[in-house]
Amino acid sequence: MANTVNQANTRTASARATAKKRRNQLPFAILLLIGIIIFGFVLNGIGVKLPIYWIFGISFGIVLQKS
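Quick note on the working numbering: the sequence shown kicks off at 127 and runs consecutively.
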C-alpha cells in the first residue's frame, strides 16, 4: 500500500518538474505593434488611403484568427 502511494507522489512530482515554462509574449507583441505603426507611416508616404487599408486588413486578420 505504501509503495503505490510513493509511486503516485513520484509521478506527480516528475510531471511538475518537466512542465515547460511559458514564455512571455508581451515583448514580442509590443515590438510587432511598433513595427505595424512604423509601416503605417511608411504607407502614408506612398498613399493616403493605404494605411487605412492596412489597419482594416490587420484588424480583419485578427478577427478571423480568433473566431
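Backbone N, C-alpha and C define an ideal beta-carbon position, used for all residues, glycine too.
The structure presented is a predicted model; accordingly, all values stated were derived computationally and were not measured.
Expected contact under 8 Å - CB spacing of residue i and residue j to nearest Å
{"i": "G162", "j": "I184", "result": "First, the amino acid is wrong: residue 162 is Ile here, not Gly. Correct: roughly 6 Å between the Cβ atoms."}
{"i": "I181", "j": "G171", "result": "No, I181 and G171 are not in contact; Cβ-Cβ is about 16 Å, not under 8 Å."}
Contact under 8 Å by Cβ, residue i with residue j
{"i": "L158", "j": "L169", "result": "no"}
CB contact check: residue i to chain C, cutoff 8 Å
{"i": "I181", "result": "You won't find chain C in this structure, because it holds only one protein chain."}
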